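The structure under discussion appears below in the form of structure tokens.
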Amino acid sequence: MRYLVWALRLIVFIAVLMFALKNTNPVAVNFYGDYIMHDVPLIVVMLVTFVVGAIFGLLLTVPAAMRRRREAVRLRRELDRIQAAVNNQPNSATNVPPETIAPMSPL
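All residue numbers for the sequence shown refer to full-length UniProt numbering, where the first residue is 1 and numbers rise by one.
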């Protein structure tokens with residue numbers, strides 16, 4: 001399975017590399033306020049766009065991850081509280097004399 005994953009990674013890397021080599025044409029990037037950058041390679045523009053999109057996507061997952069982490073901490077505390085309550089209960093089996101559980105046979 002490990003070799004299959006590495007083979008797929010290699011195929012994706014080669015595909016992206018070929019795509020990058022074919023898209024090196026210079027382009028002009030227009031920003032707000034009539035600011036223009038001339039002669040920027042297209043692959044750089046696409047890479048920057050991908051990275052910015054990935055960062056925004058990760059930032060959107062932060063609130064849900066924080067919520068799950070708080071819930072896990074709350075559940076862990078509740079579990080510790082329940083385990084402490086169970087461990088502090090007097091065990092009824094230790095207070096029963098052995099003759100009650102297994103009566104002694106007459107000799």
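Even glycine gets a Cβ: it sits at the ideal position worked out from N, Cα and C.
These numbers come from a predicted model, not from an experiment.
Pick from 61, 8, 43 and 15 that is closest to residue 25, judged by C-alpha positions: 43
Nearest-angstrom beta carbon gap, residue 48 and residue 37 [assumed within contact, 8 Å]: Contact flag wrong, Cβ pair sits at about 11 Å.
Terminal residues of the beta strand (DSSP E) in which residue 30 lies: 26 to 30
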